[in-house]
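Visitor:
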Amino acid sequence: MPVPPPGSTSTDLPATQPAPTPSNPAVLALLSDAEKYQQQGNMAAAQSRLQRAQRIAPRDPKIYYQLAQTHYELEDYRLAEQVALKGVSYAQGNYAEQKRFWLLLVDIRLKAGDGAGATAAREQASRY
Numbered sequence: 001m002p003v004p005p006p007g008s009t010s011t012d013l014p015a016t017q018p019a020p021t022p023s024n025p026a027v028l029a030l031l032s033d034a035e036k037y038q039q040q041g042n043m044a045a046a047q048s049r050l051q052r053a054q055r056i057a058p059r060d061p062k063i064y065y066q067l068a069q070t071h072y073e074l075e076d077y078r079l080a081e082q083v084a085l086k087g088v089s090y091a092q093g094n095y096a097e098q099k100r101f102w103l104l105l106v107d108i109r110l111k112a113g114d115g116a117g118a119t120a121a122r123e124q125a126s127r128y
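If you use this note's numbering, the sequence shown corresponds to residues 1 to 128, in order.
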């Protein structure tokens with residue numbers, strides 16, 4: 001973490017906060033279920049759970065990341081990219097989460113045959 005210059009306060013520095021951890025028990029249960037289904041290879045069931053979690057907590061980047069991964073596994077690269085880009089917008093201020101999204105976008109775009117888009121995503125990821 002950068003040290004503030006003499007005479008300034010820590011409030012002068014840009015705040016970087018981690019994405020909020022879902023605290024809603026229903027969201028936590030849905031995320032847990034979705035992860036189990038993903039591990040079992042049942043992407044359709046995982047997708048369903050994640051979409052329900054998204055309706056409950058529509059600004060949680062963790063849900064968007066898991067949902068983008070699920071669309072990727074289902075080979076719906078267009079939707080995976082859209083969901084991942086939306087997740088980037090909700091992860092503002094959380095550099096680690098943003099980098100994770102951009103690296104996922106590299107994979108999505110490569111699988112979709114978009115080499116230039118993958119290169120652009122890799123450049124974005126390198127900024128974090």
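Virtual Cβ for every residue (Gly too), placed ideally from N, Cα, C. This one's a predicted model, so the numbers in the text were calculated from it and none came from an experiment.
#1: Excluding sequence positions up to five away, which residues of its chain have a Cβ less than 7 angstroms from the Cβ of R59?
#2: Taking the beta carbon of Q40 as the centre, do at least 16 other beta carbons fall within 10 Å, making it buried, or is it exposed?
#3: Would a C-beta distance cut-off of 7 angstroms place N94 and I56 closer than the cut-off?
#4: Is T70 near Q51, with beta carbons less than 7 angstroms apart?
#5: Using 10 angstroms around the beta-carbon of G113, count the other beta-carbons present and answer buried if the total reaches 16, otherwise exposed.
#6: Quick one: residues in its chain with C-beta nearer than 6 angstroms to the C-beta of Q38, no 5 flanking neighbours on either side, listed in chain order?
#7: My understanding is that A121 touches L105, with C-beta atoms under 8 angstroms, so please give their C-beta distance in whole angstroms.
#8: Q92: buried (16+ other C-beta within 10 angstroms of its C-beta) or exposed?
#9: Is it buried or exposed, R78, if we count other Cβ atoms within 10 angstroms and call 16 or more buried?
#10: If K99 and Y64 are in contact, beta carbons under 8 angstroms, what's the gap, nearest whole angstrom?
#11: Suppose the cutoff is 6 angstroms on Cβ atoms and the five residues either side in sequence are ignored; what does the same chain contact list for L103 look like?
Guide: To lay it out plainly:
#1: What you label residue 59 is simply residue 59 of the sequence shown in a count that begins at 1. Sequence-distant partners of R59 (beyond 5 residues in either direction) whose C-beta falls short of 7 angstroms from its own C-beta, in its chain, are Y90.
#2: Translated into the one-based positions of the sequence shown, residue 40 becomes position 40. Per the 10 Å Cβ criterion, exposed.
#3: Here residue 94 is taken as the residue at index 94 of the sequence shown, counted from 1. Here residue 56 is taken as the residue at index 56 of the sequence shown, counted from 1. Taking 7 angstroms as the cut-off, the beta carbon of N94 is found no closer than this to the beta carbon of I56.
#4: Walking along the sequence shown from the start, residue 70 turns up at place 70. Walking along the sequence shown from the start, residue 51 turns up at place 51. One thing to note: T70 has its Cβ no nearer than 7 angstroms to the Cβ of Q51.
#5: As a position in the sequence shown, residue 113 is number 113, starting the count at 1. Classification of G113: exposed, given that the 10 Å Cβ count is below 16.
#6: Here residue 38 corresponds to residue number 38 of the sequence shown, with the count starting at 1. Within the same chain, Cβ atoms closer than 6 angstroms to the Cβ of Q38 are found at A46, the five residues on either side in sequence being excluded.
#7: Start at 1 with the first residue of the sequence shown, and residue 121 comes out as number 121. Start at 1 with the first residue of the sequence shown, and residue 105 comes out as number 105. Between L105 and A121 the Cβ distance is about 4 angstroms, and since that is below 8 angstroms, they are a contact.
#8: As a position in the sequence shown, residue 92 is number 92, starting the count at 1. Burial is judged here by how many other beta carbons sit within 10 angstroms of a residue's own beta carbon; Q92 has fewer than 16 and is exposed.
#9: For the purposes of this step, residue 78 is taken as residue 78 along the sequence shown, with counting starting at 1. In this structure R78 is exposed. Its beta-carbon is surrounded by fewer than 16 other beta-carbon atoms within 10 angstroms.
#10: Numbered from 1 along the sequence shown, position 99 holds the residue referred to as residue 99. Numbered from 1 along the sequence shown, position 64 holds the residue referred to as residue 64. That belief does not hold up - the Cβ atoms of K99 and Y64 are roughly 14 angstroms apart, past 8 angstroms.
#11: On the sequence shown, residue 103 is found 103 positions in, with the first residue counted as 1. Here the set comprises A125.
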